[in-house]
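A.B. asks: Structure incoming, see below.
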Amino acid sequence: MPKKAKKCEEGAPGWMVTYGDLMSLLLTFFILIVSFSSIQMSEYQKAMGSLKGALGVLKYKQSSVNLSPKKMIQLNGLRNSPSKGGKLSDIEKFIKENNLSDSISVAVTKNGIAIRMMSPILFQIGKANLKRSGLPILQKIVELARTFPNKIRVEGHTDNVPIHNSEFPSNWELSAMRAINVIHFFQNSGEINPKRLYYVGYGSNKPLVPNTSEQNRAKNRRVEIYLEKVNPVEVQANPGIYNQRKISFITTKKKAYKKWQMTPPLKTTY
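Under the working numbering, think of the first position of the sequence shown as 8, with each following residue one higher.
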């Protein structure tokens with residue numbers, strides 16, 4: 008005679024209730040984590056898309072924030088940079104407050120930001136050592152430059168009056184050493200990756216105006232600083248140069264000057 012099958016107990020085991028609650032809580036927990044991460048990444052990508060567009064590294068079809076024309080102009084003009092760094096308007100304000108409009112000019116061009124300074128702001132005639140009175144404006148430029156990943160080119164220019172002494176055999180050396188000392192200040196500030204910096208000494212070969220008068224020669228004695236617009240191809244080829252680092256910021260002119268003094272300018276040998 009066949010045995011009768013045992014009847015199954017009605018209902019699930021008691022531990023299943025606790026197990027089900029645990030699984031529900033874990034599922035809810037991970038859903039919250041994913042949702043928070045998605046929101047943060049979305050906001051980050053939107054912000055970076057707009058900023059990269061202003062600096063010339065926005066790729067084709069890359070998304071960015073839909074801004075009104077007024078806000079887009081502000082971003083493209085680089086006049087409202089992130090709060091952790093400086094603003095171009097800060098430099099313009101400094102120039103105005105110190106009556107330096109005749110000696111310093113700032114322009115936003117298709118190639119980046121151009122800052123032109125007449126030599127008396129930074130140097131004595133025939134000298135390449137930075138004047139202490141010129142350091143505050145250089146520090147303002149550091150505050151701006153640290154905000155963006157652009158390469159920075161410093162150009163030295165002179166007039167056509169020949170110079171020949173034990174320190175500078177010609178205007179080539181004078182213009183180059185002036186540019187080098189500005190580079191030293193930027194590097195010693197601790198705010199700018201040295202790989203972003205380079206200089207050119209043009210001597211008297213790129214005058215703004217003909218060297219036909221003392222007034223014109225004074226205009227040709229200058230230093231020009233360019234925050235160059237980023238080339239997307241170069242960013243991909245040299246990602247390490249463009250990585251931003253969080254570095255402590257020198258807030259006082261006195262500290263910046265002392266730190267600049269720690270490393271003497273390069274000496275040219277012949």
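All residues carry an ideal CB built from backbone N, CA and C; glycine is no exception.
For E221, which three-state DSSP category applies?
C.D. replies: Looking at E221 - three-state DSSP - the assignment turns out to be helix.
A.B. asks: Terminal residues of the continuous beta strand (DSSP E) containing R160?
C.D. replies: I159 to H164
A.B. asks: Compute the distance between the beta-carbons of G141 and S177, then report whether it is under 8 Å.
C.D. replies: no
A.B. asks: On the DSSP bridge assignment, give the partners of Y233 in chain order.
C.D. replies: A121 and R160
A.B. asks: By the three-class DSSP mapping on this structure, what secondary structure does A114 have?
C.D. replies: strand
A.B. asks: Report the partner residues of Y205 according to the DSSP bridge assignment.
C.D. replies: Per DSSP, the beta bridge partners of Y205 are R160.
A.B. asks: Can you find at least 3 beta carbon pairs, one from the segment 119-130 and one from the segment 143-159, that sit closer than 8 Å?
C.D. replies: yes
A.B. asks: What residue range is occupied by the uninterrupted alpha helix (DSSP H) comprising I190?
C.D. replies: N178 to N195
A.B. asks: Excluding the five sequence neighbours on either side, which residues of its own chain have a C-beta within less than 7 Å of the C-beta of G208, listed in chain order?
C.D. replies: Here G208 has G163, W179, S182, A183 and A186 as same chain residues with Cβ atoms under 7 Å from its own Cβ, once five neighbours each way along the sequence are excluded.
A.B. asks: Are there 16 or more other CB atoms within 10 angstroms of the CB of K202, so buried, or fewer, so exposed?
C.D. replies: exposed
A.B. asks: Would you give the residue range spanned by the alpha helix (DSSP H) that K146 belongs to?
C.D. replies: Contrary to the premise, residue 146 reads as Gln rather than Lys in this sequence. Boundaries of the alpha helix (DSSP H) harbouring Q146: L142 to A152, taken from the DSSP string.
A.B. asks: Output yes or no for whether 8 Å exceeds the beta carbon distance between R229 and R123.
C.D. replies: yes
A.B. asks: Could you tell me the boundaries of the alpha helix (DSSP H) in which F101 lies?
C.D. replies: Segment L95 to E104, the alpha helix (DSSP H) holding F101.
A.B. asks: Helix, strand or coil: which one does DSSP assign to R139?
C.D. replies: It is helical.
A.B. asks: As a quick exercise: from T165, T25 and N106, pick the residue whose alpha carbon is nearest that of P214.
C.D. replies: T165
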